[in-house]
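The structure under discussion appears below in the form of structure tokens.
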């Protein structure tokens, strides 16, 4: 008898976040689940790794088909440690999320949710990051679960090319129209700091800012799809080489 | 009279590291320099951003043509804060490094040095990360300065395409043969944890591991060039979309 699929679940909002709990419930019947996630919020941790101090983990809960661990590290540490030390075989799927907040456009670079998906992909595991572009406290993850589950089944069945991972974002609407395969929007955040002061009266700077889509806006980009009420799905590559520029760079260097 | 080029310098080893000091000296005559770097080591911070606590900075030193700031944040915070709050115009060049340790292959994802270069690129600044693949304490940065300066001059003269940044690695040899334009090596780290214990006798896990090049090894990859005594230069893209897979992914979803 073939083993049930092994699914590794992690996030950057921490093991006690609502998003990872709902994700775990909605994937429960698709395989054996191992949840291995940070012990608290690690938003914006990107692909950060912990090397100057050691990391630790604790088994929080074990029930048929689901084991849940808490880890002192960042999202990438969680993936590495679970794969190296906890799992007896390579997972068939890694799902990171559901993040409370969007990870479209350049946020793929800052996001701990996506850092975990990138790490899964580096370790040759078909990997998906799921995020909800809703920043309100009571945000509901129902549509994320519906589309995330659908995508997870699809990836379990079809796999992904080596070196490719998926970035799924869900808009804050009660009914997502459909899922659109998109490209990463070009653009950046502007007005990124709010100045405040500490108790001594010294200036301190809080990260804030708003996203500014680069013009011209490509019709297939992820932010546009989300704005129109669609789920955006961007396939992404681990290999960031700019192949188109290699030859020209070679010539410039020789000048 | 045209202004001198404005060059922003940062790193992830901290403002007092030998690598950033030597880099600053070797770029001094190429423009007005602003060094804005973390107040201590931030290795492996990737593109992490600090959002749950505020960041602060201090002017450490000001002399003709060079201002040096120390910042409480991660490398990406340094770039954002310098560009948003310190500089009166967009820099003509950002150089991050010189990192003490290599950032070839998938290390581009984990590296704080490269996180800063990625951020510079997102902010539309021609950006270079420079790293030395020498882990010994007394590592010399002479060859890094020679090739880094040459590359900095080249980028100041020619610019870079929007959305493209450069990852320069220098091997630990007394004379680098030449610079090679490379692709990012495929592969991953294996055997990534060393188990130890804390004072209470509980297990703790230290990140370690060695890089395993994926087979077949492409002859143009960066790790091979470095092993052969060349500097490796990989042009990289901010846009990580896997364009080749978009159409197929669309079809898979419709099945």
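Chains as they are written, first to last, in our numbering: chain A, 14 to 268; chain B, 14 to 268. Note that the Cβ used here is the ideal one computed from N, Cα and C, for glycine as well.
How about residue i: is its C-beta nearer than 8 Å to some C-beta of chain B?
i: residue 174 of chain A; result: yes
i: residue 54 of chain A; result: yes
i: residue 26 of chain A; result: no
i: residue 190 of chain A; result: no
i: residue 16 of chain A; result: no
i: residue 104 of chain A; result: no
i: residue 238 of chain A; result: no
i: residue 248 of chain A; result: yes
i: residue 38 of chain A; result: no
i: residue 228 of chain A; result: no
i: residue 253 of chain A; result: yes
i: residue 199 of chain A; result: yes
i: residue 65 of chain A; result: yes
i: residue 167 of chain A; result: yes
i: residue 171 of chain A; result: yes
i: residue 148 of chain A; result: no
i: residue 29 of chain A; result: no
i: residue 131 of chain A; result: yes
i: residue 265 of chain A; result: yes
i: residue 99 of chain A; result: no
i: residue 113 of chain A; result: no
Answer yes or no: does any C-beta atom of chain A fall closer than 8 Å to that of residue i?
i: residue 4 of chain B; result: This structure gives no information on residue 4 of chain B, because the portion of chain B shown stretches from 14 to 268.
i: residue 258 of chain B; result: yes
i: residue 156 of chain B; result: no
i: residue 217 of chain B; result: yes
i: residue 139 of chain B; result: no
i: residue 119 of chain B; result: yes
i: residue 177 of chain B; result: yes
i: residue 61 of chain B; result: yes
i: residue 194 of chain B; result: yes
i: residue 128 of chain B; result: yes
i: residue 75 of chain B; result: no
i: residue 206 of chain B; result: yes
i: residue 209 of chain B; result: yes
Can you have a look at residue i and say buried or exposed, based on whether 16 or more other CB atoms are within 10 angstroms of its CB?
i: residue 149 of chain B; result: exposed
i: residue 260 of chain A; result: exposed
i: residue 199 of chain B; result: buried
i: residue 270 of chain B; result: Any property of residue 270 of chain B remains undetermined from this structure, which presents chain B solely from 14 to 268.
i: residue 161 of chain A; result: buried
i: residue 175 of chain A; result: exposed
i: residue 246 of chain B; result: buried
i: residue 190 of chain B; result: exposed
i: residue 71 of chain A; result: exposed
i: residue 16 of chain B; result: exposed
i: residue 125 of chain A; result: buried
i: residue 67 of chain B; result: buried
i: residue 170 of chain A; result: exposed
i: residue 250 of chain B; result: buried
i: residue 55 of chain A; result: buried
i: residue 241 of chain A; result: exposed
i: residue 256 of chain B; result: exposed
i: residue 113 of chain B; result: buried
Let me know the secondary structure DSSP gives residue i once reduced to three states.
i: residue 257 of chain B; result: helix
i: residue 115 of chain A; result: coil
i: residue 143 of chain A; result: strand
i: residue 46 of chain B; result: strand
i: residue 28 of chain A; result: coil
i: residue 104 of chain B; result: coil
i: residue 8 of chain B; result: As shown, chain B starts at 14 and ends at 268. That puts residue 8 of chain B outside it, with no answer to give.
i: residue 148 of chain B; result: coil
i: residue 110 of chain A; result: strand
So residue i packs on residue j, CB below 8 Å; how close in whole Å?
i: residue 133 of chain A; j: residue 92 of chain A; result: 6 Å
i: residue 196 of chain A; j: residue 234 of chain A; result: 6 Å
i: residue 224 of chain A; j: residue 35 of chain A; result: The pair is not a contact, with the Cβ atoms about 26 Å apart (cut-off 8 Å).
i: residue 180 of chain A; j: residue 97 of chain A; result: Their Cβ separation, rounded to whole angstroms, is 25 Å, which puts residue 180 of chain A and residue 97 of chain A out of contact at 8 Å.
i: residue 122 of chain B; j: residue 141 of chain A; result: Going by Cβ atoms, the distance from residue 122 of chain B to residue 141 of chain A rounds to 17 Å, so no, they are not a contact pair.
i: residue 202 of chain A; j: residue 177 of chain B; result: Contact doesn't hold; Cβ gap of about 19 Å is too wide.
i: residue 44 of chain A; j: residue 73 of chain A; result: Not confirmed; about 19 Å, so no contact.
i: residue 118 of chain B; j: residue 25 of chain B; result: Not quite, the Cβ-Cβ distance comes to about 17 Å (not below 8 Å), so this is no contact.
i: residue 103 of chain B; j: residue 138 of chain B; result: 6 Å
Counting only runs that start and end within the stretch 155-202 of chain B, where is the alpha helix (DSSP H) found for 4 or more residues in a row?
Those alpha helix (DSSP H) runs which fall completely within the stretch 155-202 of chain B and span 4+ residues are 155-171.
Output the residue ranges of the beta strand (DSSP E) runs that lie fully inside the stretch 209-252 of chain A and measure 3 residues or longer, sorted by chain position.
Runs of the beta strand (DSSP E) inside the stretch 209-252 of chain A: 216-220, 223-226 and 244-250.
As an exercise, report each continuous beta strand (DSSP E) stretch of at least 3 residues that is fully enclosed by the stretch 53-101 of chain B, in chain order.
70-76 and 79-84, all fully within the stretch 53-101 of chain B.
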